[in-house]
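Take the sequence shown: its position 242, counted from the start at 1, is 928 in this note's numbering, and no numbers get skipped. Here the structure comes first, spelled out in C-alpha cells, and everything after it is commentary.
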Amino acid sequence: MEFLRKVIYRFNDRTRKKNIFLFFGVLFFIIIVSGTLMIDQKIADNGTGYFTHRNIQQTNEAIKLGYIKYETNDYADTFGLEWEWKPGVKRIIRSGPDDYDDIGYIVIQQTLGLLGVPINIHSVEIIHNLAFIISLVVLSFVVARLCKSHYAGWIFMILALMLKSRILSLVYGTPDSRTIVIIFPILAFSIIFLLCRKNALIGSVKGQLLVLFCGLTCSIMYLIRSNEGMVFILTLLFCIMVLKIKLKYKLISVCTVVLSFITIFILLPGAIALHRDMKTGEYNGGVLPYLRGPGKHQSYHSLVIGLGRYPNSIGMIFDDIGCYEILRERFPDAMHPSLNYHGKGYYDGLRSIFLDYVTHYPKEYITNLSKAYFELFYFIPYATSTGNLPRDYGYLPEPPGVIVDKRDLGHNVRGIVTLKSKYLKLSHVEWATFCFAIITIMYFVFLYLSNRVENVNKKFFLSICFAIFLQGTVRAMVPVHGWSLVISFWIFFFITLLYILFNRAIPTRKEGLINLAKKYLSNNV
C-alpha cells in the first residue's frame, strides 16, 4: 500500500508539473505572438516624465562610483544657494528644506545599474514594459487558481494585453515614479489572494513569513510612491483584519507588517547611506544618523493645491506658484520673501490653510469633493481612451479636436486637471465596453451579497473593493493621482467577469428552483 501511495503521489506530482509548464508555456506564447514585448517608439518619444532624464544621469554617475547616490537639493541648485550633506541617510530635496521626495524609484534604478543593467532612456522604457508584463503573468496565474481553470488565466492575459495596448503612454511612454504605480494593484491583488488562500497558516512561522513578504512588497511600493503605496499597506492591514483568524494572530500579523515597513523605510535607506559613507570615507562611527528615514513627499501640498481643482472661496488654483502667493501672504515664514522656495513653516502653513478651509467652508468642500468622486466615472474611460497620447508629468492629456476650458487645464504643462463630460470623445465600442464593465461589476456585487461567491474568495474580493475605494479617494482629493485606479478598475472587471463565467456563479434553472423552494420553506416553517 505504501508503494502504491508513492506511485500515485509521483504521478500526481508529475501531472501537476506538466499542467504548470503547459499553463506558462501557453501564457508566454500569447505574450510573444501579441508583440507586446516591442516598444512603440512613436509613443515612447512623445511623453515627458518626472525627472526621467535626471534619474538616468544620476544612475550612470552611481555606476561609475560603485555605490547608490541619489541625493539632490533642487531649490539650492536653482537659486545658487550653498548646501552640503552630513553623514547619514541621504534625501531628495525638491522645493525647500523640508520638501522631500520619494527615493524608491531611483534606488531601484541605480541598483539595476550597479548589477550590470545598462541604463538609458530606451532601456528604462523596456524595464517598465517588462515589469508590467511580468506582473500580469503573476496575476494570470492567480486568476487561473481563483477560477480553477487554465483557460481563465489565458483569457485574462489576452484581456490585460488588450488593455495594455490602449495605455502604452502609461506603461512606458513616460517612465517615472508616477507611472510605475500601474503595476502596484496587479502585484498587491496577487499577494492578497495568496494571503487569503493561506490564512490557515498565519498562526505558524510559515504564515508570518508570508505576511512579512506581503508587508515588504507593499512597503517597497510606499518607498517608490508614498501616496499610492499607503493605499496597499492599508489594504493589506484591512485584509488581515477581515480574515477569519484569532485576534492574537491578527495583532501579530499587524506587528509583522509594521516590522516590514521599518525594514524598508528605515533600515534599507540607512544601509544604503552607510555603504556610501564607508565608500567615501565619511562614516564617523555614529548610528543614529542612519536611522532617521529618507523622508517622503508630504500630502498637505497636494491636498491644498487640490482644492484649486474647482472654484473655491480662498482663491486657490491648481498651481504651485499660486499656492506660494497665498502662503506668503498668510504665513511669512512659509516661503522665502522673494524667491519661490519653501521656508521652515511651509507645511505648517499648508496644514492650517487646509483645516481652516474645511472647517470654515464645509459645505463647499463636501460639494467639491462629491464632484470629484462623480468625476471618477469620467476619469476611468477618459484615461483609458487617451492612454496612448503624449502626456506631461502624469497629467491627463488633451485629446485632439477638443477645446478645453482654461480653468480646467494644468498650469505650465500639457494636461487636464478637471474633467467634464464634454471632453469625453469615446467611440461606441469604448462606451459599450465601459458600460458592460459597470454592469458586470454591479452583477458581481449582487452575487456577492446573495452568497453566490465562495467563502474562501470573499475576503479577497472585499479587499480589492477596499483598495479601489481608497484609490478613488486619493484621485478625488489630488487630481494628478489615479493611474493605478484605472488599472484596478479594469483588472477587477476582468477578474469578476471570468469568475462569473468559470465558477458558474450564474444560477441554473434547477438551482433557482431549489433556492426558491428553500426560501418558501424557511418562511413557512
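Note that CB positions come from ideal geometry on N, CA and C, so glycine has one too.
Asked                                                                                                        : Found
With 16 other Cβ atoms within 10 Å as the buried cut-off, status of Thr1194                                  : Here the model assigns Thr1194 a pLDDT of 49, short of 50, so the residue's position is not dependable, and the following value carries that caveat. So Thr1194 ends up on the exposed side.
Option in Val810, Ile794, Ser835 with minimal Cα separation from Leu708                                      : Ser835
Local conformation of Asn759 per DSSP, three classes                                                         : strand
CA-to-CA distance, Leu895 to Ser1174, given in whole angstroms                                               : 26 Å
Helix, strand or coil at Thr1053 according to DSSP, with G and I counted as helix                            : helix
Local conformation of Met964 per DSSP, three classes                                                         : helix
Which residues DSSP lists as bridging Met1021, in chain order                                                : His1028
Start-to-end residues for the alpha helix (DSSP H) that takes in Glu914                                      : 912-928
Among Leu832, Leu880, His808, Arg831, nearest to Ala730 - alpha-carbon criterion                             : His808
Reduced DSSP category for Leu849 - H, G, I as helix; E, B as strand; rest coil                               : helix
Three-state secondary structure (DSSP) of Thr734                                                             : strand
Whole-Å CB distance - Gln744 paired with Ile812, under 8 Å assumed                                           : So it is not a contact: roughly 19 Å between Cβ atoms.
Short Cβ contact (8 Å threshold) for Ile1070 with Val917                                                     : Note on residue identity: the sequence assigns Thr, not Ile, to residue 1070. It is not a contact, given that the beta carbons lie outside the stated cut-off.
8 Å Cβ cutoff met for Asp788 and Ser863                                                                      : yes
DSSP state of Asp787 mapped onto helix, strand, coil                                                         : strand
At least three beta-carbon pairs within less than 8 Å, the segment 1075-1083 to the segment 846-865          : yes
Exposure of Pro1086, with buried meaning 16 or more beta-carbon neighbours within 10 Å                       : exposed
Gly839 versus Val829: straight-line alpha-carbon distance, rounded                                           : 5 Å
Opposing strand residues paired with Asp1216 [DSSP bridges]                                                  : Residue 1216 lies beyond the range of the chain shown here (687 to 1211); nothing can be said about it.
Boundaries of the alpha helix (DSSP H) in which Val940 is found, first to last residue                       : 933-948
Identity of the residues DSSP links to Ile725 by a beta bridge                                               : Ile725 is not bridged to any residue.
Beta-carbon separation (whole angstroms), Thr1126 vs Leu1183, contact threshold 8 Å                          : 5 Å
Which of helix, strand or coil DSSP assigns to Leu1213                                                       : The requested residue 1213 is not part of the displayed model; the chain covers only 687 to 1211.
Cys941, buried or exposed, once every other Cβ within 10 Å from all chains shown has been counted against 16 : exposed
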